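Worksheet: one structure, shown below.
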Amino acid sequence: MAYGGTSVTPTGPPGSSTSIRQVKLDKECELRVEVSPDSPLRLRLLTGTAEIFGTEIAPEIWLTFPPRLKFAVFTWYGATIEMDGTTETDYTADETPMISYVNVHAVLDARRHRAKASPSDSDASQGPRVIVVGPTDSGKSTLSRMLLSWAAKQGWKPTFVDLDIGQGSITIPGCIAATPIELPIDPVEGIPLDMPLVYFHGHVTPSVNVDLYKALVKELAQILERQFAGNVESRAAGMVINTMGWIEGVGYELLLHAIDTFNATVVLVLGQEKLWSMLRDVLKNKANVDVVKLQKSGGVVSRNAKVRQKARAYRIREYFYGLANDLSPHSNIANFSDLCIYRVGGGPQAPRSALPAGAEPAADPTRLIPVSVNQDLLHLVLAVSFAKEPDEIISSNVAGFIWITDINFESKKITYLAPSAGNLPGKYLIMGSLTWYEP
Ligand code: ATP
Ligand code: MN
1 MAYGGTSVTP
11 TGPPGSSTSI
21 RQVKLDKECE
31 LRVEVSPDSP
41 LRLRLLTGTA
51 EIFGTEIAPE
61 IWLTFPPRLK
71 FAVFTWYGAT
81 IEMDGTTETD
91 YTADETPMIS
101 YVNVHAVLDA
111 RRHRAKASPS
121 DSDASQGPRV
131 IVVGPTDSGK
141 STLSRMLLSW
151 AAKQGWKPTF
161 VDLDIGQGSI
171 TIPGCIAATP
181 IELPIDPVEG
191 IPLDMPLVYF
201 HGHVTPSVNV
211 DLYKALVKEL
221 AQILERQFAG
231 NVESRAAGMV
241 INTMGWIEGV
251 GYELLLHAID
261 TFNATVVLVL
271 GQEKLWSMLR
281 DVLKNKANVD
291 VVKLQKSGGV
301 VSRNAKVRQK
311 ARAYRIREYF
321 YGLANDLSPH
331 SNIANFSDLC
341 IYRVGGGPQA
351 PRSALPAGAE
361 PAADPTRLIP
371 VSVNQDLLHL
381 VLAVSFAKEP
391 DEIISSNVAG
401 FIWITDINFE
411 SKKITYLAPS
421 AGNLPGKYLI
431 MGSLTWYEP
């Protein structure tokens, strides 16, 4: 063993650092790390036990964290951590909301057991449906992840639903998605991209087409409802629904819509008293909905628009190339006439003169519009729909994505990147405004 167990390098004040060093963590403390923007960081557990966002890390084994990743290593009983590489910052914190988070987990766990013990045809066999809400940078995605990993550690297979189209922790941005979580989430790799159920909105904010967003949320909820009906195990495990940080105006309405559509039974409100009190008031007549206020962790790192934009681009890159460049996407060429591209919403609007005074021209937001190949498609990320007919596009989930890399108007050929070679898994492609530029 490389570590003798006695001498421990002091962490010192917050700040960046390089070289190999050790950090001793007292019980219920965490080491908060922001990996440097240019190089990865290696880290391992030397003594004790520790977890990263709910997933226990194995002793002795080096884990490699990619540049820019922000995470915390938390210990319930004490641990010594060793780091190798540069960080933007790393510091230890002894004040965390972890006890309150794990208490929530304990309540959910008890409810899952109760659901499991109930007759499978009764309403009581439905486990908790948890929705995590709060302003931007309040730690929603992180709390969702912890709750899922803790549940998976105990053998449950909860369903993770991600409604945040701005980021995408299940698949690329621009989508809402769901996937069962069968194992604690890997601290480096994140959620395995196995077979998620994905619906494509095509924009990174629902505001571009709110009706489409609502329609997709409804579709996803219906499919999950059907899956739960046929699967006692996942029904008892319930779901954890992650939401976006848009909580004002239409954003607030969309939260209510999601709570309602998924029949959420537990609403966890992070980091905002006002939102908690509004939701509590609105939901007080629903007997079986608990609205719980939770503290935001001081470790949550705020991200500005530019950082978010970059994170989206990395996520799309990861889809095609893999986290460690371990995937090899294929460049394919198609004739213009081979592709059936649709977009949803917009389209020709009634001229203002044809409308009653004061009325705004409005286009049907869920109308399907065929798109012929044009210059604007360049660098767009399109979804490949499972739809068999165009009118099934909105109600169908998507198989994957392609990225338009070149359009030749002379030869009428379009070049695109796809995750694999061969025919696309569906005929219909959906476009939105999601673009990507290879860095
Ligand atoms: P958004 O509104 O953008 O969806 P969010 O509320 O989901 O944000 P998170 O994504 O959970 O917030 O957290 C923001 C960032 O802070 C993430 O990079 C996450 O890894 C990091 N983070 C969260 N908690 C901690 C912590 N305790 N220590 C260090 N980093 C943390
Ligand atoms: Mn989030």
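No gaps in the numbering here: position 344 of the sequence shown is 344 in the UniProt record's numbering, and each next residue is one more.
Just so you know, even glycine gets a beta-carbon here, dropped at the ideal spot from N, CA and C.
Quantities reported herein were computed from a predicted structural model and do not represent experimental measurements.
Length of the line joining the Cα atoms of Glu438 and Arg317: By 1-based counting over the sequence shown, the position of residue 438 is 438. By 1-based counting over the sequence shown, the position of residue 317 is 317. Cα-Cα distance, rounded: 8 Å.
Where Met278 sits in the DSSP three-state scheme: Numbered from 1 along the sequence shown, position 278 holds the residue referred to as residue 278. Under the three-state reduction of DSSP, Met278 is assigned to helix.
As assigned by DSSP and simplified to three states, the class of Met83: Indexing the sequence shown from 1 puts residue 83 at position 83. Met83 falls in the strand class under three-state DSSP.
Other residues of its chain near Gly85: CB distance less than 7 Å, five sequence neighbours each side excluded: The sequence position of residue 85 within the sequence shown is 85, counting from 1. Here the set comprises Ser39, Pro40, Leu41 and Arg42.
Buried versus exposed call for Val267 [16 or more other C-beta atoms within 10 Å across all chains shown]: By 1-based counting over the sequence shown, the position of residue 267 is 267. Buried, by the Cβ-count rule.
contact_flag[the region 191 to 203, the region 160 to 177] where n(CB pairs < 8 Å) is 3 or more: The region 191 to 203, when compared against the region 160 to 177, does touch it at the 8 Å Cβ threshold.
Which residues DSSP lists as bridging Ser385, in chain order: Working through the sequence shown from its first residue, we reach residue 385 at position 385. BP columns for Ser385 point to Val398.
Three CB pairs or more closer than 8 Å across the region 103 to 116 and the region 65 to 75: Between the region 103 to 116 and the region 65 to 75 there are fewer than three C-beta pairs closer than 8 Å, too few to call the two in contact.
heavy atom of the ligand MN below 7 Å from Asn242 C-beta: Locating residue 242 in the sequence shown gives position 242, counting from the first residue. Within the cutoff, so yes.
Cβ pair count under 8 Å reaching 3, the region 311 to 330 against the region 285 to 294: Verdict: no, contact absent.
Exposed unless 16 or more other CB atoms sit within 10 angstroms - verdict on Asn209: Counting from one through the sequence shown, the residue named residue 209 turns up at place 209. It is buried - the Cβ of Asn209 has at least 16 other Cβ atoms within 10 Å.
By C-beta, the residues closer than 5 Å to any heavy atom of the ligand MN, given in chain order: That gives Lys140 and Ser141.
Own chain, CB closer than 7 Å to Gly127, minus 5 neighbours either side, in chain order: Residue 127 sits at position 127 when you count from the first residue of the sequence shown. Residues Arg111, Arg112, Ala115, Arg235, Ala236, Ala237 and Gly238 of the same chain have their beta carbon placed closer than 7 Å to that of Gly127, with the five preceding and five following residues left out of the count.
Asp90 beta carbon less than 8 Å from that of Arg32: Residue mapping note: residue 32 aligns to position 32 of the sequence shown, counting from 1. Residue mapping note: residue 90 aligns to position 90 of the sequence shown, counting from 1. Yes.
Within-8 Å CB hit, Phe386 to chain C: The question asks about chain C, but that chain is absent: this structure has only one protein chain.
Glu82 versus Lys140: straight-line alpha-carbon distance, rounded: Translated into the one-based positions of the sequence shown, residue 82 becomes position 82. Translated into the one-based positions of the sequence shown, residue 140 becomes position 140. Distance between the alpha carbons of Glu82 and Lys140: 28 Å.
Under 8 Å between C-beta atoms of Thr159 and Ala178: On the sequence shown, position 159 is the one that residue 159 refers to. On the sequence shown, position 178 is the one that residue 178 refers to. Yes, the Cβ-Cβ distance between Thr159 and Ala178 is below 8 Å.
Near the ligand ATP: Asp164 beta-carbon under 7 Å from a heavy atom: Along the sequence shown, one-based indexing puts residue 164 at 164. Under cutoff, so the answer is yes.
Rounded straight-line distance, which links the Cα of Thr92 to that of Leu382: Taking the first residue of the sequence shown as 1, we reach residue 382 at position 382. Taking the first residue of the sequence shown as 1, we reach residue 92 at position 92. Leu382 and Thr92 have their alpha carbons spaced roughly 43 Å apart.
Cβ contact (3+ pairs, closer than 8 Å) linking the region 71 to 78 and the region 148 to 166: The region 71 to 78 vs the region 148 to 166: no contact.
Separation of Asn374 from residue 466, as counted between CA atoms: Because the chain spans 1 through 439 in this model, residue 466 falls outside it and cannot be assessed.
For Val104, the nearest candidate out of Ser118, Trp62 and Ala151 (CA to CA): Stepping through the sequence shown from its first residue, residue 104 is reached at position 104. Taking Val104 as reference, the option from Ser118, Trp62 and Ala151 with the minimal CA-CA separation is Ala151.
Whole-angstrom distance between Leu429 and Asp186, CA atom to CA atom: As a first step, residue 186 must be located in the sequence shown, where it is residue number 186. As a first step, residue 429 must be located in the sequence shown, where it is residue number 429. When the Cα atoms are used, Asp186 and Leu429 turn out to be separated by approximately 32 Å.
Buried versus exposed call for Val204 [16 or more other C-beta atoms within 10 Å across all chains shown]: The residue given as residue 204 occupies position 204 in the sequence shown. Burial call: buried.
Neighbour-count burial assignment, Ser277, 16 or more Cβ in a 10 Å radius: The residue labelled residue 277 in the question sits at position 277 within the sequence shown. Exposed, because fewer than 16 other Cβ atoms sit within 10 Å of the Cβ of Ser277.
Which of helix, strand or coil DSSP assigns to Met244: On the sequence shown, position 244 is the one that residue 244 refers to. DSSP places Met244 in coil when its eight states are reduced to three.
C-beta atoms of Arg129 and Ala264 nearer than 8 Å: Along the sequence shown, one-based indexing puts residue 129 at 129. Along the sequence shown, one-based indexing puts residue 264 at 264. Against a cut-off of 8 Å, the Cβ pair of Ala264 and Arg129 comes out as a contact.
Lys153 - containing alpha helix (DSSP H), residue span: As a first step, residue 153 must be located in the sequence shown, where it is residue number 153. That run of the alpha helix (DSSP H) goes Lys140 to Lys153.
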